[in-house]
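Student: Starting off with a structure, shown below.
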């Protein structure tokens, strides 16, 4: 195990483009929507208080103009292409409402649609911001090595295949390539999602945008900047977002045909009675009544209140669903793909096992510091029993330690390792130090600290020479019995999915630490709930190594494991499942998950650890990283869809009854308005039931069975 720098370098500043966000009011849709909303709010009190019509009428007219001109223009363009746009129909409906005296209702409809359009524009702009910012993960300049041995600073965009660049400690890699010389640990979580830095030596591949550790590397450029993995991720996100089937509420699909029929029928209701001798006033009144009772207001409200109520309820419980369309789509998923690091796991390595190699009992190994991922207590975990993973099956005796404490030899190995690692900023070093602090150790000062990439760290602690690092490197060339035991214990831990770290004191192996990314406490229950909801166990998609992935999958009950995946591989798995007719929900957190999140039927990002690109690309965000909320929000979406169907039945019954009454008899206009508004209120109130806390609790019960 290697540290980063003896004197830790400050973390790289966030790329400027990642901090740049499109201001909301920079978007014309947002400005017009705000103008419409302000005009409406100014006109509402005078209208309700009986002020002169010219006062509120002028303000409502401004609302119609500000919020309606853009959808009207786009709708007319669509009409020229022989397509009836729903927004145009809403503008016509608003104008029709104004024509029969319902000016306030029409203005409210305009405000709702203008606000909806503005929110969509903001979401689109923010996603574009994140995609552009991703390119800034790669540095702007690189140090190119010339044939005569001199160096020059060049723009990374100007690097060509065959150039040799020098990557110094703490720098980001400027181009995809292969290591020609040097050794260093590289943090490539942005590309593969691996929780720990990876040792890179001669012949190994490195990726643009990844962060170099302590060593210096000479890298031969293997790809142009436009073909780097980072650039390909950007293209995949953009292409997936563009080619993803247009999302549309179910009711909008029905509404287009329904509105066409209503638009065609209204003139007929007026003209046919005239042709049979009816007086114009009576025919006009019948047509006006028909337009009111047949208008799709109740049908529109049949859909929106349940979905918006579910969306608001989810938001109160830490799930940000970005639109009503997404809330509807969540209930349709029938397959799930999960990322590993940062999604099923906490994304932070923890000490999960401590094995002493020497001690008061004659050298038997110690036991696990916790029983695997997700079962430790505190930051370092709690000591498990001898039957835990990697423990032995011997009966306790006087030489064994209690379940609350490490054996003295184990305690000493952990304390010495933490003291030696304390100057380091390496993720594994931080895990060891945290575990020692959790055991209450006061760390002795480390002197003569040094680190070697790919090997480990060395320091003098209380007069002893302490080495902490990779077992294979520290044990190389040793054949004594204790070294062989150390190699055996290390192999056992690695077979269980841990990263093994050897501790040597004065050249003698003293203990082996097992370090792993700990499972989230609610991961197993979430996997079981998603399996129940979809009828199929989720798939695990990860860039981590197959052994670690298989171990974690076995713990949570996943059998379909795809490990060692790059971003394009994750997209291919999603496409494969969708090609089989599945509607895939992808849950992830990193840059490497963003293309799959964009390509999936629905994507959910983990909020606390999620990258900017993942958060903007995903359709929903788990704000508090409570994985168990995912099946609950899926169940809530399905409940919302059930209420939508109920509302459509109610609205259909009312509309059909009132239309038949108007056509076959004489429906008084006030009664028609009352019936129409009554059905609208009824379906609206039915949908608002999902705002209650009880709705979330019932969804949680439905998800868990």
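Residue numbers (my numbering): 638 to 1342.
Using N, Cα and C, we set each Cβ at its ideal position, and we do this for glycine too.
Measure the alpha-carbon distance for residue 1087 versus residue 788 and round it to whole angstroms.
Tutor: Translated into positions along the chain shown, residue 1087 becomes position 450. Translated into positions along the chain shown, residue 788 becomes position 151. If I take the Cα positions, the gap works out to 28 Å.
Student: Between residue 815 and residue 842, how many whole angstroms is the CB-CB distance? I'm expecting something under 8 Å.
Tutor: Walking along the chain shown from the start, residue 815 turns up at place 178. Walking along the chain shown from the start, residue 842 turns up at place 205. That belief holds up - the Cβ atoms of residue 815 and residue 842 are roughly 6 Å apart, short of 8 Å.
Student: Counting pairs of beta carbons, one from the stretch 1294-1302 and one from the stretch 1266-1284, are three or more of them closer than 8 Å?
Tutor: No: fewer than three Cβ pairs fall under 8 Å.
Student: Measuring alpha carbon to alpha carbon, tell me which residue in 954, 946, 974 is nearest residue 961.
Tutor: Within the chain shown, numbered from 1, the residue matching residue 961 stands at position 324. That would be 946, whose Cα lies nearest to the Cα of residue 961.
Student: Quick check on this structure: which residue in 1243, 1219, 1244 has the alpha carbon closest to the alpha carbon of residue 1236?
Tutor: Locating residue 1236 in the chain shown gives position 599, where the first residue counts as 1. That would be 1219, whose Cα lies nearest to the Cα of residue 1236.
Student: Could you give the distance in angstroms between the alpha-carbon of residue 1201 and the alpha-carbon of residue 993?
Tutor: As a first step, residue 1201 must be located in the chain shown, where it is residue number 564. As a first step, residue 993 must be located in the chain shown, where it is residue number 356. Spanning the two alpha carbons is a distance of roughly 32 Å.
Student: What number of angstroms, rounded off, separates the C-alpha of residue 1137 from the C-alpha of residue 797?
Tutor: Locating residue 1137 in the chain shown gives position 500, counting from the first residue. Locating residue 797 in the chain shown gives position 160, counting from the first residue. Straight-line Cα distance between these residues: approximately 39 Å.
Student: With C-beta atoms as the reference, is residue 811 less than 8 Å away from residue 802?
Tutor: Residue mapping note: residue 811 aligns to position 174 of the chain shown, counting from 1. Residue mapping note: residue 802 aligns to position 165 of the chain shown, counting from 1. Cβ distance < 8 Å, so residue 811 and residue 802 count as in contact.
Student: Using the Cα positions of residue 836 and residue 848, report the straight-line distance between them to the nearest angstrom.
Tutor: Residue mapping note: residue 836 aligns to position 199 of the chain shown, counting from 1. Residue mapping note: residue 848 aligns to position 211 of the chain shown, counting from 1. Taking the straight line from one Cα to the other gives about 12 Å.
Student: When DSSP builds the beta bridges, which residues end up paired with residue 1136?
Tutor: In the chain shown, the residue the question calls residue 1136 occupies position 499. Paired residues: 1152.
Student: What do you get for residue 718, buried or exposed, if any count of 16 or more other CB atoms within 10 angstroms of its CB means buried?
Tutor: Translated into positions along the chain shown, residue 718 becomes position 81. Its Cβ having fewer than 16 others within 10 Å, residue 718 is exposed.
Student: Can you give me the C-alpha to C-alpha distance between residue 1065 and residue 1179, rounded to a whole angstrom?
Tutor: To locate residue 1065, count along the chain shown from 1; it is residue 428. To locate residue 1179, count along the chain shown from 1; it is residue 542. The straight-line gap from Cα to Cα measures roughly 20 Å.
Student: Got a sec, what are the start and stop residues for the alpha helix (DSSP H) residue 1269 sits in?
Tutor: Residue numbering aside, residue 1269 sits at position 632 when the chain shown is read from its first letter. Run containing residue 1269: 1266-1301, per the alpha helix (DSSP H) assignment.
Student: Ordered along the chain, which non-local residues of its own chain (more than five positions away) have a Cβ less than 6 Å from that of residue 1233?
Tutor: Translated into the one-based positions of the chain shown, residue 1233 becomes position 596. Excluding residues within five positions, the ones whose Cβ falls inside 6 Å are 1207, 1208, 1211, 1223.
Student: Pick from 1076, 1075, 1099: whose alpha carbon is nearest that of residue 1085?
Tutor: Against the chain shown, residue 1085 aligns to sequence position 448. Taking only the C-alpha atoms, the option nearest residue 1085 is 1099.
Student: From what residue to what residue does the alpha helix (DSSP H) around residue 857 run?
Tutor: Counted from its first residue, the chain shown places residue 857 at position 220. Per DSSP, residue 857 belongs to no alpha helix (DSSP H); it is in the beta strand (DSSP E), 854-858.
Student: Who are residue 1348's beta bridge partners in DSSP?
Tutor: The chain is shown from 638 up to 1342; residue 1348 falls before or after that span and cannot be answered.
Student: Is it buried or exposed, residue 1343, if we count other Cβ atoms within 10 angstroms and call 16 or more buried?
Tutor: As displayed, the chain neither begins before 638 nor continues past 1342, which places residue 1343 out of reach and without an answer.
Student: Pull up the DSSP beta-bridge partners for residue 1225, would you.
Tutor: Within the chain shown, numbered from 1, the residue matching residue 1225 stands at position 588. Residue 1225 is bridged to 1242.
Student: Excluding the 5 residues flanking residue 677 on each side, which residues of the same chain have their C-beta closer than 6 Å to its C-beta?
Tutor: What you label residue 677 is simply residue 40 of the chain shown in a count that begins at 1. The answer, listed in chain order, is 700, 744, 748.
Student: Taking the beta strand (DSSP E) that residue 815 falls in, what are its first and last residues?
Tutor: On the chain shown, position 178 is the one that residue 815 refers to. Unbroken beta strand (DSSP E) run through residue 815: 814-819.
Student: Determine the direct distance from the alpha carbon of residue 1122 to that of residue 956, and round the result to whole angstroms.
Tutor: Counting from one through the chain shown, the residue named residue 956 turns up at place 319. Counting from one through the chain shown, the residue named residue 1122 turns up at place 485. Approximately 49 Å, taken between the alpha carbons.
Student: Please classify residue 781: does DSSP put it in a helix, a strand, or coil?
Tutor: Counting from 1 along the chain shown, the entry for residue 781 is found at position 144. In the structure shown, residue 781 sits in a strand (DSSP, three-state: E or B).
Student: Are the beta-carbon atoms of residue 1152 and residue 989 separated by less than 8 Å?
Tutor: The count along the chain shown starts at 1 and reaches residue 1152 at position 515. The count along the chain shown starts at 1 and reaches residue 989 at position 352. Going by C-beta atoms, residue 1152 is nearer than 8 Å to residue 989.
Student: Taking its Cβ as the centre, do 16 or more other Cβ atoms sit within 10 Å of residue 1116, making it buried, or is it exposed?
Tutor: Residue mapping note: residue 1116 aligns to position 479 of the chain shown, counting from 1. The residue in question, residue 1116, is exposed, as its Cβ has fewer than 16 Cβ neighbours within 10 Å.
Student: Between the C-alpha atoms of residue 1143 and residue 1158, what's the straight-line distance to the nearest angstrom?
Tutor: Taking the chain shown and counting its residues from 1, the one referred to as residue 1143 is at position 506. Taking the chain shown and counting its residues from 1, the one referred to as residue 1158 is at position 521. Their backbone Cα atoms lie some 39 Å apart in a straight line.
Student: Run through DSSP, which three-state label would residue 1324 get?
Tutor: Residue 1324 sits at position 687 when you count from the first residue of the chain shown. Helix at residue 1324.
Student: So residue 804 is in the beta strand (DSSP E); what residue range does that whole segment cover?
Tutor: Counting from 1 along the chain shown, the entry for residue 804 is found at position 167. Looking at the DSSP string, the run of the beta strand (DSSP E) that includes residue 804 is 801-804.
Student: Would you decide whether residue 691 is buried or exposed? Buried here means 16 or more other CB atoms lie within 10 Å of its CB.
Tutor: Walking along the chain shown from the start, residue 691 turns up at place 54. Residue 691 is exposed by the Cβ-count criterion.
Student: What are the residues that DSSP puts in a beta bridge with residue 900?
Tutor: To locate residue 900, count along the chain shown from 1; it is residue 263. The partner list for residue 900 (beta bridge, DSSP) is empty, contrary to what the question assumes.
Student: Between 1187, 1258, 808, 758, which has its C-alpha nearest residue 779's C-alpha?
Tutor: Counting from one through the chain shown, the residue named residue 779 turns up at place 142. It is 808 whose Cα lies nearest to the Cα of residue 779.
Student: Report the option in 939, 686, 715, 680 whose CA atom is closest to the CA atom of residue 1346.
Tutor: Nothing can be reported for residue 1346: it is not among the residues displayed for the chain, which extend from 638 to 1342.
Student: In the DSSP output, what is residue 1209 paired with across the bridge?
Tutor: The residue labelled residue 1209 in the question sits at position 572 within the chain shown. Residue 1209 is not bridged to any residue.
Student: Is residue 728 near residue 705, with beta carbons less than 8 Å apart?
Tutor: Start at 1 with the first residue of the chain shown, and residue 728 comes out as number 91. Start at 1 with the first residue of the chain shown, and residue 705 comes out as number 68. Taking 8 Å as the Cβ cut-off, residue 728 and residue 705 qualify as a contacting pair.
Student: In whole angstroms, what separates the C-alpha of residue 1340 from that of residue 1267?
Tutor: On the chain shown, position 703 is the one that residue 1340 refers to. On the chain shown, position 630 is the one that residue 1267 refers to. Whole-angstrom Cα-Cα distance: 9 Å.
Student: If you draw a straight line from the alpha carbon of residue 967 to that of residue 1276, how long is it in whole angstroms?
Tutor: Counting from one through the chain shown, the residue named residue 967 turns up at place 330. Counting from one through the chain shown, the residue named residue 1276 turns up at place 639. Using only the alpha carbons, I get a separation of about 11 Å.
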